Structure formats: structure tokens, C-alpha cells
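2 protein chains.
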Amino acid sequence: MTTGVKIESEGQLRGGAPCSASKGAALSPVTVVLAAHAATLRTRRGQTVALMSDSLETAFIVRAGVLTLQVTMPGTSRQVVAMLFAGDVLRSSYVPPCAEGALVAASTSEVLRMRWGALAELAAGDPAIAGYFEDAVAHQVARQAIHAATLGQFDCEQRVATFLIELALCTGVSSQDGGMVFDMPFSRKDVADYLGLNPDTLSRVMSRLRIAGLIGRSERNRAVVRDFRALAALSPAARSLIAIHGDCQAEPPVRKGL
Amino acid sequence: MTTGVKIESEGQLRGGAPCSASKGAALSPVTVVLAAHAATLRTRRGQTVALMSDSLETAFIVRAGVLTLQVTMPGTSRQVVAMLFAGDVLRSSYVPPCAEGALVAASTSEVLRMRWGALAELAAGDPAIAGYFEDAVAHQVARQAIHAATLGQFDCEQRVATFLIELALCTGVSSQDGGMVFDMPFSRKDVADYLGLNPDTLSRVMSRLRIAGLIGRSERNRAVVRDFRALAALSPAARSLIAIHGDCQAEPPVRKGL
DNA sequence: CATCCAACTTGATCGATGTCAAGGCGCGAT
DNA sequence: ATCGCGCCTTGACATCGATCAAGTTGGATG
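So the sequences go chain by chain: E and L.
Each residue of the first sequence is one higher than the one before, starting from 40 at the first, in the working numbering.
Each residue of the second sequence is one higher than the one before, starting from 40 at the first, in the working numbering.
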């Protein structure tokens, strides 16, 4: 609360280039139009955003920052279902019934909120809005598929590598020597819950990667990937992630052999 | 190929009540309208449906049967990302790039296929279609969240219980004694790949459940849940699954506060 | 500057689950 | 009917990752 960063201007809250849902850039014209019909929420790290207002279905559009969508089934520890970046969208009905769902800001972030009914109406009147929403959802569903494969098939090292690559692609800036630097908006427990790992195990894997020189020792809340290529070699999902997230970065989308 | 069941009439391919995406019943008016603009694919068990035609983005609407969406990352075994039932929808862009994706019929099934662009156009002209599609997607995203929690947090017994409950709710018919009977359209390996388990482990868990009397020994391609309540008690996701899938059964869609 | 506390690290140990291999069952083919 | 094959089951064993506990770090606070 005391160290909160004041939001100055839109779109550059984080160091990295904003990662957007597929084509729609973070501050695409569509989100500007939507902003006129929506409430703009500005959140700090750790803040929880209510998923329903007045028990009405609600829609959210992330304009900046990183958030997590979490689900807790009775008797188990929470699962971080998805990381949400600029351009991503959310409906409260995306959270399963009879489960505790939470939308939590991992960093200072900016989110548009409106009734789902209002958004559906806008979308009905403007194909650009409908298309933006559909494409954002498609993008996120594809990421969810990668996440499912990560949870179901990868060993712990592959999971961690996958996570680091995703975050680096979405919020990182490359250094000239093949490395990347980015903010780490998550606690160890957050990451563990995203990857379905034990926090201790996660710590061990990170240490191993650090010793191997793939990642660097970093200050609090900051991460350094020293050798992106080597990290990518560890993750079976690397190519997919680069294809899906890469085109938000500077580089032109190469995407050979798709 | 030789034992294929001939499709006689729509909507009753499987024994159970069709499970639909939220409100839209399996053969809701919307899918009837869409059928006029789409190709109708009829598939047998094991048949793979091409996700793209002419490298154009394609949309699918499941009208009957069960299909699986599978993703394989290089160097790992496949992950069954989702089971698709009547009412569910799919865009080819839901499959991550640079990964091998496949849509495979688990049972005799019926699927509508059309260009995504054509569906988007229809949706733009008819809010009912747009709403049907959006709600179907929301429904599936919520199920994906449950699946992620299953893969990330549940132990093997909880995973198997969760799977059996989902399938029972979607395709099963209840017997009077608290049990349910349904077709088992998946091989042991399919289920294992859905749950992120080893097939041998799955076999062991099923044996344990059988010995405990929760499920019954069944003929080939058929499953019997003897004690649904006891099975539900094993799965932390049971309440969510019942809430999400239950309303395709007899009960009218209550959904208060939408 | 000293202290406190939360978050992280790391070692030792255990158990759940994966792996391998042998055996059984059922279905289709001959 | 019998054979052969694919799929499933089950036991023995190996291994990865979870758990527990002690120690360390670093930032916040007075």
C-alpha cells in the first residue's frame, strides 16, 4: 500500500511491450470505444477484483498489467487457471459454479468492467467489437490448451521453463545477448499454483536453472532470463508460445512452418 | 469400419440425454438455423475431423455424440484438452499454433462445419446466434477451468472420479438405485491422456473403485456407476460439474441473475 | 542501526505414481 | 472352433516430486 506506483499514463505501466490478444493491440481502437461504456478499474498488486457486481454477469477487458484467474475447489488448494495480460477478456461465467473463483491483480493494472449484457449489445451493433472479443477469447482458449498440456504432460522442469517463457514473451524486454528481463509479479506460491507444483519443488528447479546459467539471480520482483534459447529448448511448448505471444513483441511474425 | 452403427435419426445417437452448452438444447432452434449454412459431418468412433479446410479458419458445432480435442507438443505424449458434447463449439484457432491438434470422434457423432467467417457473419446478423455461440464458449471455458484444476491439484483417484462424473452427467442415464449407466467411448489411453495419468495407474484406480463397489464391471464400451453419491464425494469438482452439466438433464435452466 | 517477519532455499526422507514385464481376456479373422 | 492380436490388468520395482524441518535472505519497521 505504501509503495504503490501511481498510474501516470495508459499503456506503459509495465516495462515490457504489452502483450495483446492476437491481433488486437493493447490499446486498439476497439478497447478505446469500449472504455466509453465501461468502468475503468485501477488495481494494485494483490488486489482482488469482484467477479460479479449486483449478481449480474460481468465482462472484463484487461488494458494493462497482469492478473490471475484463480479457482479453488472445495478441499483442494487453489489453481491459477490463467494469467491475463493486456487485451485479454473475461466473463464471470468463465468461472465454474460452486467453486471459489477470484480475479487477482498480480501487478498494478488497469481493467475495464461492464455488464455482459451491455457488451453483448455493443458487439451486436459493431462487428469490430464482436470480432475483437471472439478473437481474444480464441487466443485465450488456445493458451488454455497449452496450459492443459503443461499440467498434464510436462515434468516440473518443463513446466517452469514454459512459465518463464510465457512471462518473458508477454512482459519482457530482450537484452542484446539473447537474454530477457521482466518483472516477476508472482510469488513463489502463485507460480506453483499455476504450474501444479509444490513451492519447494519450484524453488529447487529455479535454483537448478540458475546454476545452469539459464536464468540470473534477480532482485525482488524481477527476473532475468540469461539464455532464452536454452530455456526454450527445455519447454515442449516453446514454439507454440512464441507463435502465440511473439507477435506482440517488436519482431515481425516469422511463423514459418505453421 | 465393419461394425459401424448406421445413423438413423438425429439427436438420439447415444443412450443418454444430450448434454448441451448451457441453455441451448442440443437441437436448439439456433443449431437448426446454422445447419442450413453448414456442412453436416457424420463420423464414426476414432475418425479424425480435419480442423482446417483450405487453410481457412473453420467453426464446428457438435450436434450429437462425443469428440475429443487433442493437442500434442513436440516430444511429449498427447494431451486430451477437452471432451466435446452436443452443443459445444470449436474454432480451429482454439488449437495452439506449432502444436499438433486433432479433433477425434470418440463415438458416432454429428458435427456441423462452416467457415468461421460465415458463422461470424451470421452471428452479426442474428443476436440469438451470437448469444448461443458466446454462451457455449463460456460454458466450455468454465469446464476448462475445472479441467485445469483437476490436472493441477487432484490426485489420481480424484481425477478419475471427476472424469467418471463428468461423463455420467453428460451421457449417462440414471438407474433407480442411485447408479448411472453410460457408454464409454474412450480407450484406457484416451482417459489417461485426458487426466494426465499413466494408463496403468488409471487401471489400478478403476480396479480400486470397482472393488469398493463404486463402479461396476461392465461390458466392452460401457460403464456403470453403482454409487454416484460416493463417487461424487471423491471428487472436489463434483458440485461444480453437477451445476454445470446437471441442467442439461431434466431440470429447466434456472440460471438466476444473468 | 537493530530487530522482526515473511518469503524463500535447501537437505533428508517418504510416498504416490510412472515404468516394465508377465499374464489374462475378449474380439475378429481364418 | 481355434488362433492370434490388441487391449487391459496386475505385480515388482524405480523415480520424481511432495512433505517436513531447519536455516537464510531481504525488506519493512521502529
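Virtual Cβ for every residue (Gly too), placed ideally from N, Cα, C.
Note that this is a predicted model, so its numbers are computed, not measured.
Other residues of its chain near residue i: CB distance less than 6 Å, five sequence neighbours each side excluded
i                      : result
residue 110 of chain E : 118, 120, 138 and 140
residue 255 of chain E : 263 and 265
residue 269 of chain E : 253
residue 30 of chain L  : Past the edges of chain L, shown from 40 to 297, lies residue 30 of chain L, and the structure says nothing about it.
residue 205 of chain L : 280
residue 130 of chain E : 98 and 155
residue 60 of chain E  : Annotation note: pLDDT 41 at residue 60 of chain E (below 50); position unreliable, no value reported.
residue 225 of chain E : 145
residue 86 of chain E  : 144
C-beta atoms of residue i and residue j nearer than 8 Å
i                      : j                      : result
residue 166 of chain L : residue 163 of chain E : yes
residue 249 of chain L : residue 147 of chain L : no
residue 241 of chain E : residue 227 of chain E : yes
residue 128 of chain L : residue 99 of chain L  : yes
residue 210 of chain E : residue 193 of chain E : no
residue 184 of chain E : residue 233 of chain L : no
residue 115 of chain E : residue 275 of chain L : yes
residue 197 of chain L : residue 273 of chain L : yes
residue 88 of chain L  : residue 144 of chain L : yes
residue 90 of chain L  : residue 123 of chain L : no
residue 97 of chain L  : residue 154 of chain L : yes
residue 187 of chain E : residue 126 of chain E : no
residue 271 of chain L : residue 173 of chain E : no
residue 67 of chain L  : residue 171 of chain L : yes
residue 180 of chain L : residue 180 of chain E : yes
Nonlocal neighbours in the same chain, by C-beta distance under 8 Å from residue i, ignoring five residues either side
i                      : result
residue 169 of chain L : 162 and 163
residue 74 of chain E  : 102 and 151
residue 135 of chain L : 110
residue 219 of chain E : 207, 211, 212, 213, 263, 264 and 267
residue 257 of chain L : 223 and 263
Contacting residues, own chain, Cβ-Cβ under 7 Å from residue i (five flanking each side not counted)
i                      : result
residue 230 of chain L : 202 and 241
residue 79 of chain L  : 149 and 151
residue 190 of chain E : 235
residue 238 of chain E : 227, 228 and 231
residue 9 of chain E   : Residue 9 of chain E lies beyond the residue range present for chain E, which begins at 40 and ends at 297; the question has no answer from this structure.
residue 76 of chain L  : 153, 157 and 161
residue 284 of chain E : 58, 205, 208 and 209
residue 217 of chain L : 266, 267 and 268
residue 200 of chain L : 270, 273 and 274
Coarse secondary structure for residue i, derived from DSSP in three states
i                      : result
residue 246 of chain E : helix
residue 126 of chain E : coil
residue 235 of chain E : coil
residue 268 of chain E : helix
residue 256 of chain E : coil
residue 262 of chain E : strand
residue 67 of chain L  : coil
residue 274 of chain E : coil
Check distances from the C-beta atoms of the segment 95-116 of chain L to those of chain E and list, in chain order, the residues that come in under 7 Å.
-> Within the segment 95-116 of chain L, the residues whose Cβ lies closer than 7 Å to some Cβ of chain E are 110, 112, 113, 114, 115 and 116, listed in chain order.
Given a limit of 7 Å on CB to CB distance, which residues of the segment 184-218 of chain L reach chain E?
-> Correct list: 184, 185, 186, 187, 188, 190, 191, 192 and 193.
Can you list, in chain order, the residues of the segment 171-183 of chain L whose Cβ is nearer than 9 Å to any Cβ on chain E?
-> Answer in chain order: 172, 173, 174, 176, 177, 178, 179, 180, 181, 182 and 183.
Residues within the segment 272-288 of chain L neighbouring chain E, beta-carbon criterion of under 7 Å = If the cut-off is 7 Å between Cβ atoms, the segment 272-288 of chain L has 275, 276, 278, 279, 282 and 283 near chain E.
Members of the segment 147-167 of chain L that neighbour chain E once the beta carbon cut-off is set at 8 Å = Result list: 159, 162, 163 and 166.
Within the segment 77-145 of chain E, ranges of the beta strand (DSSP E) (whole runs, at least 3 residues) = Those beta strand (DSSP E) runs which fall completely within the segment 77-145 of chain E and span 3+ residues are 78-82, 97-103, 106-111, 118-123, 128-130 and 139-144.
Return the chain-ordered ranges of every beta strand (DSSP E) run that is complete within the segment 177-232 of chain E and spans a minimum of 3 residues.
-> Complete beta strand (DSSP E) runs here, min 3: 219-222.
Chain-ordered residues of the segment 116-147 of chain E with a beta carbon less than 7 Å from chain L = For the segment 116-147 of chain E, the beta-carbon criterion of a distance under 7 Å to any beta-carbon of chain L is satisfied by 116, 118, 120, 130, 132, 133, 134, 135, 136, 137 and 138.
Going along the chain, which residues of the segment 231-243 of chain L sit with their C-beta nearer than 9 Å to a C-beta in chain E?
-> Those would be 232, 233, 234, 235 and 236, in chain order.
For the segment 71-93 of chain L, enumerate the residues whose C-beta is nearer than 8 Å to any C-beta of chain E, in chain order.
-> Among the residues of the segment 71-93 of chain L, none has a Cβ less than 8 Å away from any Cβ of chain E.
Positions along the segment 250-271 of chain E whose CB lies within less than 9 Å of some CB in chain L | Answer set for the segment 250-271 of chain E: empty.
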